[in-house]
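Novice: Handing you a structure now.
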Amino acid sequence: MPSKETVQRQRAFGGALGVLVLAFGLTYHFFPEIFHVSPEEVANPSAPGVGRAAPSTPVRANPAIPSAQDEINAGPPLTLAPTAVIAARLSRKPAPLPEQLSADPPEVKALLERAIKAYQAGHMVGDKNSAAVLYQQALKLKPDSRAAVQGLDEVRTHLIAQITQDIAVGDSESAGTLLDNLKALPNTANDVAPLEASMKTLLQVRPMLAQAAALLQQGKVDKPAGNNALELYRQVQKLDPQNAVAAQGVLQVQRVVLDRALAAVAQNDFAGAEQSMAEATPIQPDAPQLREVRNQIDNIRQQRAANVLAQARSALDAGNIDLAKQLAGQAQSISPQLAGLDEFEVRLTNARLYASFKPGQVFTDRYVDMNGQSPTMVVVPTGKFMMGAPDDEPGRADSQTPQHEVAISKGYALSQTDITVGQFREFVRASGYKPESVTQGGASVYDERTGVMRDVSNATWQDDYAGHPATDNLPVVNISWSDAHAYVQWLSQRTGKKFRLPSEAEFEYALRAGSTTRYWWGSGTPKTKVENLTGSADRSPSGRRWSHAFQSYGDGYWGPAPVMSFAPNAFGLYDMDGNVSEWMEDCWHDNYVRAPVDGSAWVNPGCGTRVIRGGSWGSSPEQANSAYRQGADASIRSGRVGFRIVREL
């Protein structure tokens, strides 16, 4: 038993063979000339005059072969059906058959047999042995012979078909000869009249077709106006709407114009290609070749544009933003609807604004010379905001004015949380740096007994807000501005990236996170635990309460909480307005007069007073305001102040 694979191969082979046989049969039936078989040999062998059920209309035996001049006069090549097919499709009504009173006598039958043979040989008219003469002789002997009447009528039909075919291809000589023969037959007046009209039209349009063919050869296809092939073919169609040569000529003109479009595409001239397509479309709007070329151009356009976009992606990956933008523009000009353009535009924007990061993206940078990585960073989106407090805001301070618009046109990344004790400890161990709480001695920490901040000489960065040893997940406090600055310098060296302290504008923009209210969560007391703030429901370890706090708010902490203990703001940043306040890069200025409006830090060389922003665990509601700012000596070390960092993109 054959295997499954063998059966499948046999079926596939058999199917293919069947298709070939079918194709061969169809080709042999409709185009016998390909196999050097005359059309008469494939025509219906049944003889004329035997019955109406299957009439036979064979073609003439020796069709005229057009000369070179005839081909020029005929215009572009035209494929026509055989004469027998044309005859079968004529709308001409057959001649009525007489009522035959008796059978055909032998001599009539002999004439009919000779006539049938002449007909099958294509010998229709011309001499005494032609089918027409023999059928007429039979009718003289027996006027009611139905076979003779039918045979002669089929001769007429065949002549009409031959004349029609000759007129269609522009062979006026052959058509004229056959028309004279048709006139010689009885009962042909109604058939001759339209053929003579067609002959008259042919003689009129024939020189026009010849001139149009010559213009085609000269390249004057659709231009110049008044002297081109298309205009002549249109004139012929007005005179002879059914003229097949003119119809084929119009298609040939369209093909030449479409070739111009393809040639333009080959030169990457898509504008020229579209111009040629616009010129080709009205010539024959429903032509299949028009759709084919349109599909070709669209496919080439898509492929070219996709290739250029791929080059743009490679340029962007290599960091060449200008080249990537240029190539993306070329791809869009080639194919405005190209898939992937929108996505690439986003990538290009991110590359230009965010160094190929995305707004809101969270990432870290690995150290290049040791094990470890940077603190987690969050990409802050670009945008504009009103910095400072509006004039009508209650409790507004002069230092928060004038309110002014700041544009953050370049993306940056802000640390997701305040720098922690553990992260600062890594820096101290790896660098050998001595924080000022160690070299200068002490810090200002919270005194639970008195409820105020007081200087303690032995408090260091390793302690918490109250001077007790701090856990690694708490924000580092008791550090000076110089300590924070030393950390970002070290981190820049370890990663090869640019780290620094945030500017005032960058911090307030990130703190607000798109909000315009007094606080980033709203205008008053939070309804949920959003930050580590001073709340009337909070209690110190000894039971103290805040004298001025957010009413009915409690977050469960007195002093800093571990980072990320509360919800992030809209930019994905934690503890922006609570937990600990933070050192800024800026020098202190009493107000915003002449302040930068591009988000950069406002720095004066040698300044000793720096800006602190953001509320802390001990800040009053006014100090938690998004616009609140204060200045402090850069050497100050406090249990309420820490820092977070910026990574430039």
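Position 641 of the sequence shown, counted from 1, bears residue number 1169 in the working numbering, the numbering being contiguous throughout.
Glycine is no exception: its CB is placed at the ideal position from the N, C-alpha and C atoms.
Just so we're clear, the structure is a prediction, and the values are computed from it rather than from any experiment.
1) What did DSSP end up calling I849 once you bin it into helix, strand or coil?
2) From the DSSP output, read off the bridge partner residues of Q901.
3) Expressed to the nearest angstrom, what Euclidean distance is found between the alpha-carbon atoms of N835 and F872?
4) In whole angstroms, what is the alpha-carbon distance linking V785 and V778?
5) Could you spell out the range, first to last residue, of the beta strand (DSSP E) harbouring Y1015?
6) Quick one: what's D699 bridged to in DSSP?
7) Considering only residues of the same chain and omitting the five flanking positions on each side of T904, which have a CB-CB separation below 8 Å?
8) Beta-carbon separation of R1141 and R1157 under 8 Å?
9) When the distance is taken between beta carbons, is L713 closer than 8 Å to A660?
10) Could you tell me the boundaries of the beta strand (DSSP E) in which D1157 lies?
11) May I ask which residues mark the beginning and end of the alpha helix (DSSP H) holding V1005?
12) Taking the beta strand (DSSP E) that A935 falls in, what are its first and last residues?
13) Just verifying my parser: in three-state terms, what is the DSSP assignment at M1092?
14) Where does M652 fall in DSSP's three states?
15) By how many angstroms is the C-alpha of E1036 removed from the C-alpha of G1106?
16) Spell out the partners DSSP gives L942 in its beta bridges.
17) Answer yes if the region 1062-1081 comes into contact with the region 1095-1104, meaning at least three C-beta pairs across the two stretches below 8 Å, and no otherwise.
18) Which of the three DSSP states, helix, strand or coil, is assigned to T555?
19) Measuring CB atoms only, is the region 1166-1177 touching the region 1021-1031, in the sense that at least three cross pairs come out at less than 8 Å?
20) Going by DSSP, what residues sit across from C1135 in a beta bridge?
21) Which residue spans inside the region 773-842 form an unbroken alpha helix (DSSP H) run of at least 4?
22) If I follow the unbroken alpha helix (DSSP H) through K728, where does it start and stop?
23) Is any beta-carbon of chain D found at less than 8 Å from that of D850?
24) Please report the distance separating the alpha-carbon of V934 from that of Q901.
25) Using DSSP bridges, identify the partner residues of I947.
26) Compute the Euclidean distance between the alpha carbons of G1087 and L866, then round it to the nearest angstrom.
27) Helix, strand or coil: which one does DSSP assign to I688?
28) For V793, which residues from the same chain have a beta carbon less than 6 Å from its beta carbon, with the 5 sequence-adjacent residues on both sides left out?
29) Return the chain-ordered list of same chain residues with a C-beta closer than 6 Å to the C-beta of P930, the five sequence neighbours on each side being excluded.
30) Tell me where the alpha helix (DSSP H) around Y974 begins and ends.
31) Does DSSP put V1121 in a helix, a strand or coil?
32) Which same chain residues end up closer than 7 Å to A1095 when comparing Cβ atoms and leaving out the 5 residues on each side of it in sequence?
33) Which residue from E1110, V653, P1090 puts its Cα closest to that of G950?
34) Return the CA-CA distance between A643 and E635, expressed in angstroms with no decimal places.
35) Using the Cβ count rule (16 or more neighbours within 10 Å means buried), how would you classify T999?
36) Does DSSP put R1165 in a helix, a strand or coil?
Specialist: By the coordinates alone:
1) helix
2) R894
3) 13 Å
4) 11 Å
5) Note, Y1015: premise wrong, no beta strand (DSSP E); alpha helix (DSSP H) at 1009-1023.
6) Paired residues: none, contrary to the question.
7) V890, F891, T892, S943, Q944, T945
8) yes
9) yes
10) The residue you asked about is not Asp; residue 1157 is Arg in the sequence shown. Element bounds for R1157: 1157-1161.
11) Looking at the DSSP string, V1005 is not in any alpha helix (DSSP H), and its letter there is neither H nor E.
12) 932-936
13) coil
14) coil
15) 13 Å
16) V906, V1174
17) no
18) A caution first: T555 carries a pLDDT of 39, below 50, which makes its placement in the model unreliable, though a value can still be read off. In this structure, T555 counts as helix in the three-state DSSP scheme.
19) yes
20) Bridge partners of C1135: none, in fact.
21) 798-808
22) 717-746
23) Looking at the structure shown, chain D is missing, and only one protein chain is on hand.
24) 32 Å
25) Paired residues: none, contrary to the question.
26) 57 Å
27) helix
28) A801, I825, I828
29) Y1120
30) Not the alpha helix (DSSP H): Y974 falls in the beta strand (DSSP E), residues 971-975.
31) coil
32) V1058
33) P1090
34) 12 Å
35) exposed
36) coil
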